[in-house]
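In our numbering, the protein residues as written are 41 to 476. C-beta atoms are modelled at their ideal positions from N, C-alpha and C, and glycine is treated no differently. In this text, all values refer to a predicted model and were calculated from it rather than measured experimentally. Heads up: the structure comes next, in structure tokens.
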């Protein structure tokens, strides 16, 4: 039985009749387009974050470039101490490099903001790599000691790759606090992972191959990673030419108090590192970094409280409480497994504290000066590490390692007191909870 015209169907390839220019012509019927079903968004915030176009490429380059940050200083100490037989000289050389970085890094970051990441990061990294190679040559050919200081100081031009990566996330997800929270947590976890694996890799390379191997491999990875990172131009924040009215992030409301918090937090890390190495060896520090890395990833998967200032106070309170655990463990028992567990737990508050602090830095810093603002916070952190290491070392020498564990707990309490007293952390005009 034939179908009626109203109910008949026409195959997609069947020609239809139409009138054109007074003549009846056949017109092919286009096949209906298939409806494309969008894949449902992943429930994992980190998978959603890395699904951002271009994110995986610049993240891969950044991780390669960041790994040497935990390698180069350890490699330099092993190389210099092994060649010259003096840990004092090795420590003095690396301390000089740290001081030079504190001076040069903010200036490098300012150039990055002004002229763009690719234009500044690549030549700055090349200069730093040349400094590392010069150090290797000076050590290998037994050059005078002053050349070691000069060569290692030249590595201070190394750009803050972590800060540049955070600036890219801030550019890609501006106006999305939840995504930025996840991105900052991811970056902090990456920091912890690189500083946990870097020293181990450096020690293995220097021990299994030759003393200069750690420095050479670290320099190669740094240059390679920065080249890969800088090649991702689509995700690079646009440069912001500096105007006469632009002021340093140091003068923005809330920034001085934030830098003081970072300074005290760095003292926590520096003191904990020196005291733990003196008490149980360096390997046990990996547990603290592992705890911090895991806590950072978990923290980034949670929905953050809207009041970031209050969140920072809670994180600092938790860090102060958890930093008392190693002191209690060493006071009550000599068991290394107990101390290891306490260090694992103590690390659980450090990453959330850093993530929240970086979030406040991003909000306190003008958009066109993000690299400079975050580099200033890292510089304050490094200054705190140096001060904490010196304090922890003094306590270990004069009061013993058990009493030395009071230093990181005291530094955490100082950071909490500074944050609680620093009402200027709240930027004018954003004091409401919705703005946080």
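Compute the Euclidean distance between the alpha carbons of residue i and residue j, then round it to the nearest angstrom.
i: residue 60; j: residue 89; result: Annotation note: pLDDT 48 at residue 60 (below 50); position unreliable, no value reported.
i: residue 299; j: residue 451; result: 14 Å
i: residue 121; j: residue 263; result: 25 Å
i: residue 274; j: residue 247; result: 41 Å
i: residue 281; j: residue 415; result: 18 Å
i: residue 289; j: residue 127; result: 38 Å
i: residue 477; j: residue 343; result: Shown here, the chain extends from 41 to 476; a query on residue 477 therefore has no answer.
i: residue 443; j: residue 306; result: 19 Å
i: residue 73; j: residue 91; result: The pLDDT assigned to residue 73 is 45, lower than 50, so where the model puts this residue is not dependable, and the model offers no usable value.
i: residue 205; j: residue 374; result: 42 Å
i: residue 165; j: residue 201; result: 10 Å
i: residue 348; j: residue 203; result: 20 Å
i: residue 308; j: residue 449; result: 7 Å
i: residue 190; j: residue 261; result: 22 Å
i: residue 291; j: residue 224; result: 24 Å
i: residue 123; j: residue 179; result: 7 Å
i: residue 253; j: residue 113; result: 13 Å
i: residue 76; j: residue 232; result: Its pLDDT being 46, under 50, residue 76 is placed unreliably in this model, and the coordinates cannot settle the point.
i: residue 486; j: residue 137; result: The displayed coordinates of the chain run from 41 to 476. Any statement about residue 486 would go beyond what the structure contains.
i: residue 385; j: residue 336; result: 13 Å
i: residue 326; j: residue 361; result: 20 Å
i: residue 157; j: residue 208; result: 10 Å
i: residue 129; j: residue 434; result: 18 Å
Confirm, please, whether the CB-CB distance from residue j to residue i is below 8 Å.
i: residue 489; j: residue 340; result: Only positions 41 to 476 of the chain appear in the structure, and residue 489 is not among them; the question remains open.
i: residue 109; j: residue 228; result: no
i: residue 270; j: residue 441; result: no
i: residue 313; j: residue 426; result: no
i: residue 196; j: residue 141; result: yes
i: residue 405; j: residue 397; result: no
i: residue 324; j: residue 242; result: no
i: residue 315; j: residue 436; result: yes
i: residue 302; j: residue 421; result: yes
i: residue 447; j: residue 311; result: yes
i: residue 366; j: residue 355; result: no
i: residue 359; j: residue 389; result: yes
i: residue 215; j: residue 107; result: no
i: residue 251; j: residue 119; result: yes
i: residue 332; j: residue 369; result: no
i: residue 162; j: residue 266; result: yes
i: residue 173; j: residue 259; result: yes
i: residue 400; j: residue 352; result: yes
i: residue 357; j: residue 456; result: yes
i: residue 134; j: residue 149; result: no
i: residue 230; j: residue 103; result: yes
i: residue 268; j: residue 95; result: no
Could you spell out the range, first to last residue, of the alpha helix (DSSP H) harbouring residue i?
i: residue 233; result: 217-248
i: residue 347; result: Taken as a continuous stretch (DSSP letters only), residue 347 belongs to no alpha helix (DSSP H), as it is neither H nor E.
i: residue 370; result: 364-372
i: residue 295; result: 295-320
i: residue 445; result: From DSSP, residue 445 is part of no alpha helix (DSSP H); its letter is neither H nor E.
i: residue 428; result: 410-439
i: residue 109; result: Run containing residue 109: none; DSSP gives neither H nor E here.
i: residue 405; result: That residue, residue 405, is in no alpha helix (DSSP H); it is neither H nor E in DSSP.
i: residue 380; result: 376-386
i: residue 278; result: No alpha helix (DSSP H) contains residue 278, which DSSP labels as neither H nor E.
i: residue 331; result: 325-341
i: residue 87; result: 85-90
i: residue 254; result: 253-270
Using a 10 Å radius around the Cβ and a threshold of 16 neighbouring Cβ atoms, would you call residue i buried or exposed?
i: residue 84; result: exposed
i: residue 181; result: exposed
i: residue 153; result: buried
i: residue 98; result: buried
i: residue 432; result: buried
i: residue 186; result: exposed
i: residue 147; result: exposed
i: residue 125; result: exposed
i: residue 218; result: exposed
i: residue 169; result: buried
i: residue 454; result: buried
i: residue 144; result: buried
i: residue 93; result: exposed
i: residue 403; result: buried
i: residue 249; result: exposed
At a cut-off of 7 Å, would you count residue i as near the ligand ZN, judging by its Cβ distance to the nearest heavy atom?
i: residue 126; result: The ligand ZN is not part of the structure shown, which contains no ligands of any sort.
Using beta carbons (cut-off 8 Å, strictly below), is residue i in contact with chain D?
i: residue 392; result: The chain labelled as chain D is not found in the depicted structure, where only one protein chain is given.
Run through the segment 141-210 for me and flag every whole alpha helix (DSSP H) of 4 or more residues, listed as ranges in chain order.
157-180, 185-193
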